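According to the working numbering, the sequence shown is numbered sequentially starting from 1. All C-beta atoms, glycine included, are put in the ideal place defined by N, C-alpha and C. Please read all numbers here as calculations on a predicted model, not as lab measurements. Below is one structure, written out as structure tokens; the observations come after it.
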Amino acid sequence: MIRLTTITSAALIFATALCSCNGTAKSTDKQSKMTEKVVLLGAFDKDSAYQYIADQVAFGPRVPGTPAHDACGKYIVEKLRQFGADTIIEQHAVVEAFNGDKLPINNIFAQYNPTALNRVLLVAHWDTRPWANMERSEERRMKPVPGANDGGSGVGVILEIARNLQKLAPTCGVDILFTDAEDYGNSNGFTNNDESWCLGTQYWVDNMPYTSVNRPANGILLDMVGGTDARFHRERYSNIHAKPITVKIWGEAKNLGYEDIFVNKVAGEVVDDHTFLNQAGIPTTDIIEHMSDATGSFPATWHTLDDDIQHISKKTLDAVGNTVLNVIYKEKAI
Ligand SMILES: [Zn+2]
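Below you can see the structure in the form of structure tokens.
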């Protein structure tokens, strides 16, 4: 994913107005608040999610066209099979990157409860960036990022959610999309490069297996959801185009006592897989760390060689996994 636009003063006023509105939902009843906090639906296991990230990192950088990428793709499909997904589709294609590279991609799609009319789409990219372009030295900039957080974390959390869905079936339908070639974009300059990112998702929206009947009502994108001391603000584009699901997620996080991690404020705009899903008519929110305390933007490890397993936090994985799983289990069938 790439770039944040500066929040305009109008957007800031909008954000402030939203915050004051949401402040009225507070319960004054201590007892009911306590009860609300402990209702964890499912049994999200942060250790399992962490292990799925470690497994991906162990393959090496998952750059399209490399053996590590292919091996990790097989691992992900095998996990979905193991966790009883009803439908698994591997969408192979060749796409052209901004620099002319021809990338063999594989978007991995799976479904749970395929006949339910109300569907939620969970999305994460599984490829990793070929260049650590945020490194200081030229030599390091040419190396691929390990992608523990940027790539590995979203997949790890969703695989652990899938494991839960096998044990306790959701009332709604759940679709899972692991997108490829999200992170092969052009980081030189900040204009007119948006479409060099998210190549797998752009291919998918042109070929997606949906009719007007089975199209998901909402999507949730998980990107960089495992960083140490992560803070998740409401991404501005999500807040405009996928507001109901955005409100639901940040509300559920508060119910579960994660309001320090899910900061209920609107921050800047990110170009990510959700950009193209929203354009294709699937309202999708992006849970992404893009306003970190340390940088005021993406986390310090972003697109560096430090994006490794040592910088993954089980506490962060727990907050994200429990929040998203609770939202899914509260969704109705229709
Ligand atoms: Zn990235």
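Go ahead and pull the three-state DSSP assignment for residue i.
| i | result |
| --- | --- |
| N53 | Asn is not the amino acid found at residue 53; the sequence shown has Ile there. Looking at I53 - three-state DSSP - the assignment turns out to be helix. |
| H303 | coil |
| Y112 | strand |
| D335 | This structure cannot settle anything about residue 335, because the visible part of the chain is limited to 1 through 334. |
| R234 | strand |
| G173 | strand |
| L277 | helix |
| V324 | helix |
| G152 | helix |
| T201 | helix |
| I89 | strand |
| E368 | Nothing can be reported for residue 368, as the shown portion of the chain is limited to 1 through 334. |
| L119 | One point to set straight first is that residue 119 is Arg, not Leu, in the sequence displayed. Strand. |
| E96 | strand |
| I261 | coil |
| N106 | strand |
| T285 | strand |
| G219 | strand |
| T128 | coil |
| V213 | coil |
| T179 | strand |
| E331 | coil |
| G73 | helix |
| W135 | Inspection of the sequence shows that residue 135 is occupied by Glu rather than by Trp. E135: coil per DSSP, three-state reduction. |
| V39 | coil |
| V266 | strand |
| V271 | strand |
Give me, in chain order, the residues of the same chain whose beta-carbon lies closer than 8 Å to that of residue i; leave out the 5 immediate sequence neighbours on both sides.
| i | result |
| --- | --- |
| T66 | G60 |
| A169 | Y112 and N113 |
| C72 | Q56, F59, R62 and W126 |
| E139 | none |
Taking residue i and residue j to be in contact with their CB atoms under 8 Å, please state how far apart those CB atoms are, rounded to whole angstroms.
| i | j | result |
| --- | --- | --- |
| I220 | L122 | 6 Å |
| V155 | Q56 | 6 Å |
| I249 | T201 | Not a contact, Cβ separation roughly 20 Å. |
| E269 | C172 | Not quite, the Cβ-Cβ distance comes to about 28 Å (not below 8 Å), so this is no contact. |
| Y203 | P64 | Contact doesn't hold; Cβ gap of about 12 Å is too wide. |
| R231 | S292 | 6 Å |
| L266 | H233 | According to the sequence shown, residue 266 is Val rather than Leu. Confirmed, Cβ separation roughly 7 Å. |
| V327 | E235 | The Cβ separation is near 16 Å, so there is no contact. |
| A346 | I176 | Any question about residue 346 goes unanswered here, given that the chain covers just 1 to 334. |
| Y258 | G42 | Between G42 and Y258 the Cβ distance is about 15 Å, and since that is not below 8 Å, they are no contact. |
Leaving aside the five residues before and after residue i along the sequence, list all residues of the same chain whose C-beta is less than 7 Å from its C-beta, in chain order.
| i | result |
| --- | --- |
| G100 | none |
| V247 | none |
| I76 | I108, W126, V155 and F178 |
| I282 | L121, R215, P216 and G219 |
| G84 | Q166 |
| N186 | F98, N193 and S196 |
| G321 | F44, K46, A49, V157, E160 and I161 |
| N22 | Confidence at N22 is low in this model, with a pLDDT of 36, below 50, so its placement is unreliable and no value can be given for it. |
| T87 | A110, Q111 and P114 |
| L325 | L41, G42, F44, I161 and N164 |
| T211 | none |
| A357 | Residue 357 cannot be examined here, being either before or after the span of the chain that is shown, 1 to 334. |
Can you list, in chain order, the residues of its chain whose CB lies under 6 Å from that of residue i, leaving out five sequence neighbours each side?
| i | result |
| --- | --- |
| D150 | M224 and D307 |
| T304 | A132, M134 and E135 |
| C198 | E182, D273 and F276 |
| T228 | H311 and S313 |
| V205 | F276 and A280 |
| P146 | V57, D307 and D308 |
| N278 | H241 and T284 |
| Y52 | G156 and L159 |
| I261 | A319 |
| F298 | H290 |
| R119 | G173, D175 and P216 |
| Y237 | E269 |
| T24 | Residue confidence is low: T24 scores 36 on pLDDT, short of 50, so the model does not pin down where it sits. No coordinate-derived value is stated. |
Is the shortest distance between the beta-carbon of residue i and the beta-carbons of chain C less than 7 Å?
| i | result |
| --- | --- |
| E235 | The question asks about chain C, but that chain is absent: this structure has only one protein chain. |
Report task. Examine the Cβ distances between the stretch 82 to 91 and the stretch 104 to 113 and report whether three or more of them are shorter than 8 Å. Result -> yes
Mind the definition here: the stretch 125 to 139 touches the stretch 224 to 239 only if three or more C-beta pairs lie below 8 Å; say whether that holds.
Inter-segment contact for the stretch 125 to 139 and the stretch 224 to 239 is absent: fewer than three beta-carbon pairs are separated by less than 8 Å.
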